[in-house]
Amino acid sequence: MTTTDTTGATLPLTVRDPGCGPRIEAHAIGAEAAGVVAATLKALAEPLRLRMLSFIATAPAGEACVCDLAELTDVSQPTVSHHLKVLRDVGVLASERRGTWVWYRITPGYKSAISTLLESFAPAALDALGEHPHLTGLEDADKALDRLAADLAATHPDLAREVVLRTVRESYTALARSAKVSAHLLTLTDRFARQRLADLTREAARNADAGTATAPQVLFVCVANAGRSQLAAALVRHYAGDRVVVRSAGSTPAADVHPAVRPELAALGTDEPFPKPLTDDAVRAADVVITMGCGDVCPVLPGKRYEDWLVGDPALASPAGVAAIRDELDTRVRALLADLLPELDLPTP
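Going by full-length UniProt numbering, the sequence shown opens with residue 1, and the numbers climb by one from there.
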């Protein structure tokens, strides 16, 4: 075996320190411990959850009511409750119901760790951005995002410019979290932001056109938005065209659509599908919300029709299994459209 020095020259492995031996396991964190730590870090790796943790950590009494935490953002209270549940499930937070409200506090075992996170790690992470030129990609994108926001603001005069800009930047950040490469990130941000802005204005349009029939909107939600929800949305577009507004999203979106699903989507005429995160505006704009394997992460809002479809995950299926999943979704989508648009002429299977 050989290795190389800093000049690229090949050196025999015996050049290394004679005392160096295969003691990898002695220095690495144990696999089970790594799994527990990783699960906790994953729960913490969400901006809103970090903001809520910082609020609780600095509250005078060391606790906060869910009603106060809801004021930190524009998302709905069910979404806030979901984020708090994630932190509670990994043991970071404890909760106590008092009357009609629930109060949260950091569990004793995590107080020191959260203090270190907020007072040491967080400032160091922010300072590091200015020390490493290779991390300035987001800064380089600022001008492009500003131009995109200006273009979209011109097409949405009914929305405040700061709302459009915030939506564009949030869309970019959300997609960047799971992106493998950034080459097409701005293009995808454009498409995602346009969807979100359309959803934001849908409720206002409904109220303005009270009594006027509008196309029903359907939202499909699965975990990764890389298979089932993409296929279901493609089938609705295939059969109903623009007579139904359709969206798809993932509770934990993947970096890309499953390879096994891409041929099925292409056959249905879907144009360059990409996984998207679940947003509150998509739920608020929807008339029908259909979940597939993502549990209770989707906010439950009044006036919406909710369905849960038990459909297999194509990411784990054989080619025959993918075809069977596609056929099952086709049957379900046909039944849904027959209910939403009784006059729609569906082709015979």
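The beta carbon of each residue, even a glycine, is placed where N, CA and C say it ideally should be.
A quick note: this is a predicted structure, and the numbers were derived from the prediction, not measured.
*Candidates Ala-234, Arg-326, Phe-274, Asp-146: which alpha carbon is nearest Pro-253's?*
Numbered from 1 along the sequence shown, position 253 holds the residue referred to as residue 253. Of the listed residues, the one whose Cα sits closest to Pro-253 is Phe-274.
*Rounded Cβ spacing between Cys-294 and Val-223 (contact assumed at less than 8 angstroms)*: In the sequence shown, counting from the first residue as 1, residue 294 sits at position 294. In the sequence shown, counting from the first residue as 1, residue 223 sits at position 223. Between Cys-294 and Val-223 a beta carbon distance of about 5 angstroms is seen, short of the 8 angstroms cut, so the two are scored as contacting.
*Report the residue from Asp-287, Gly-312, Asp-308, Thr-291 whose alpha carbon sits nearest the alpha carbon of Pro-302.*
Residue 302 sits at position 302 when you count from the first residue of the sequence shown. Ranked by how close their Cα comes to the Cα of Pro-302, the residues Asp-287, Gly-312, Asp-308, Thr-291 have Asp-287 in first place.
*asked:* On the DSSP letters alone, give me the boundaries of the beta strand (DSSP E) that Ser-95 sits inside.
replied: The count along the sequence shown starts at 1 and reaches residue 95 at position 95. For Ser-95, the enclosing beta strand (DSSP E) covers residues 93-98.
*Boundaries (first-last residue) of the alpha helix (DSSP H) holding Glu-170*: As a first step, residue 170 is located in the sequence shown; it is residue number 170 there, counting from the start. In the DSSP assignment, Glu-170 falls within the unbroken alpha helix (DSSP H) covering 161-178.
*Nearest to Val-333 by alpha carbon, out of Pro-259, Val-283, Ile-29, Val-311?*
Sequence index remark: in the sequence shown, residue 333 carries index 333 (1-based). With distances taken between Cα atoms, Val-333 lies closest to Val-311.
_According to DSSP, residues forming a beta bridge with Pro-342_ = Numbered from 1 along the sequence shown, position 342 holds the residue referred to as residue 342. Bridge partners of Pro-342: none, in fact.
*Could you check what DSSP says for Ser-76 in three-state terms: helix, strand or coil?*
Numbered from 1 along the sequence shown, position 76 holds the residue referred to as residue 76. In this structure, Ser-76 counts as coil in the three-state DSSP scheme.
*Would you say Val-168 and Ala-193 are within 8 angstroms of each other, going by their C-beta atoms?*
By one-based count along the sequence shown, residue 168 stands at place 168. By one-based count along the sequence shown, residue 193 stands at place 193. Closer than 8 angstroms, so yes.
*asked:* Please report the straight-line C-alpha distance between Gly-130 and Leu-145, rounded to a whole angstrom.
replied: One-based indexing of the sequence shown puts residue 130 at position 130. One-based indexing of the sequence shown puts residue 145 at position 145. At Gly-130, the pLDDT of 49 sits below 50, so the modelled position is not reliable and the matter cannot be decided from this model.
*Same chain, Cβ closer than 7 angstroms to Thr-107, five either side skipped, listed in chain order*: For the purposes of this step, residue 107 is identified with residue 107 of the sequence shown, where counting begins at 1. Same-chain partners within the cutoff: Gly-91, Val-92, Leu-93, Ala-94.
*For Ala-39, which residues from the same chain have a beta carbon less than 7 angstroms from its beta carbon, with the 5 sequence-adjacent residues on both sides left out?*
Along the sequence shown, read from residue 1 onward, the residue named residue 39 stands at position 39. So the qualifying residues of the chain are Val-90.
*Compare the Cα-Cα distances from Ser-229 to each of Gly-30, Gly-62, Ala-249 and report the closest residue.*
Here residue 229 refers to the residue found at position 229 when the sequence shown is read from its first residue. Taking each of Gly-30, Gly-62, Ala-249 in turn and checking the Cα distance to Ser-229, the smallest one comes out for Ala-249.
*Exposed or buried, which one is Ile-29 when buried takes at least 16 other CB atoms within 10 Å?*
As a working mapping, residue 29 is identified with position 29 in the sequence shown. Around the Cβ of Ile-29, a 10 Å sphere holds fewer than 16 other Cβ atoms; the residue is exposed.
_Please give the ranges of any alpha helix (DSSP H) in the stretch 243-313, keeping only runs that are unbroken, at least 4 residues long and fully inside the region._
Runs found: 262-267, 280-285.
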